[in-house]
Every structure is written in structure tokens, then in C-alpha cells.
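Structure first, commentary second.
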Amino acid sequence: MSDFSYRPDSIRLPRPVDLAARPDLAAALDAVNRDLAATLPEAGPMRLMWTPSDDENLPDQYHAALPDGRWHGDTQDPDAACVAEAAQETVQAVLWQVWPVCLEHRTGVHADAGADERAVWRCRAGEGHELCEVGELAQTLPGKQRRALRRKERRREA
Ligand SMILES: [Zn+2]
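In this note's numbering, the protein residues as written are 25 to 182.
What follows is the structure in C-alpha cells.
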């Protein structure tokens, strides 16, 4: 047998993150999925996956996957902002969409750590401003879109 023989146990496939064991990541994913449901429903709900490192000197990798399992990019030691960024990276690389967008400046915004470890969407246009906390994107929609969304949610609950 050569060193390059097929060893099934050495294949590193992404697997779902045990969210029960990581309530912080479960909350971060919920927040991103709320934003997707509000503004890009076809991309959600996403799942959080991880690929264990096969080298003890290298960290495990985390990914945000679309409902069909596709994902792009990875992050290490994720916090709420990293989860939002991973979801954003998947949307941009797999679906070729800029998401989310600041409606005022008509440009893509970026996940960032706000005060108290909160994840926020930050717009870099002009002097830059915080769009909203991740998970609160629905609040930034114009009234008409927000009302349509609430109607949709009520229908889902009914
Ligand atoms: Zn803006």
C-alpha cells in the first residue's frame, strides 16, 4: 500500500454543527436566517457546517451552506459576525448576489462586530454607518415591503 492509498476516514467532509452544544452559534445562525427570510428568502434557511481539521496545528473550518448544501468560503473560531460573513460569502460566491444591501446608498454592506459582541451590518458608503444588528434587516425595509413581509409571516403561522 502506498502512502496515497484510499482511506475513507481521512476524507474531510463538512458536517452539521451541533447547535445544541453551541447556543451562541445557533443564535447567530437564527439571526442571519431572519435576515435572509426578510430580504433573500431563496437563499435560506442556511445551515452551519464545519470541516474538522486533520492537522492539530490548523483550526477547524466553518461554513454557511444553502438549503441545497452548496457553500463557499470558510471561517475559523466563528462568532456572530463571522457566521453572518460566512452566509454573505456563500450568497455572493454561489448565488452571485450582493447581500445585504444598504437601500439608502444602494451598495452592499459588511458584517462587523458591534458593541457588546453583537454582530451588525455596516455600510461603508460615505462616512460609514451601522445599518442594523444582524437579524433586524426587516426593520430597514421600506414600510410597504415590511408590511408585505408581516402578512407573509402571518400566513405561515396560520
Ligand atoms: Zn449606507
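The C-beta atom is built at its ideal place from N, Cα and C for all residues, glycine as well.
1. For residue 107, which residues from the same chain have a beta carbon less than 7 Å from its beta carbon, with the 5 sequence-adjacent residues on both sides left out?
2. What do you reckon, is the C-beta of residue 117 under 6 Å from a heavy atom of ligand 3?
3. Classify residue 74 as buried or exposed, calling it buried when 16 or more other Cβ atoms lie within 10 Å of its own Cβ.
4. Extract the residue ranges of the alpha helix (DSSP H) inside the segment 36 to 90, only unbroken runs of 4 or more that lie entirely within it.
5. Under 7 Å, do residue 126 and residue 133 count as touching if we go by C-beta distance?
6. Closest to residue 173 by C-alpha separation, out of 46, 65 and 36, would be which residue?
7. Starting from the Cα of residue 99, find the closest Cα among 93, 110 and 92 and give me that residue.
8. Indicate the three-state DSSP secondary structure (helix, strand or coil) for residue 140 in the structure shown.
Per the coordinate set shown:
1. Excluding positions up to five away in sequence, the list reads 49, 52, 53, 56, 72 and 88.
2. What this structure holds is ligand 1, not ligand 3.
3. So residue 74 counts as buried.
4. Within the segment 36 to 90, the alpha helix (DSSP H) runs of at least 4 residues that lie entirely inside it are, in chain order, 47 to 63.
5. With respect to residue 133, residue 126 sits close: the two C-beta atoms are nearer than 7 Å.
6. Out of 46, 65 and 36, 65 has the C-alpha closest to the C-alpha of residue 173.
7. With distances taken between Cα atoms, residue 99 lies closest to 110.
8. Correct three-state label for residue 140: helix.
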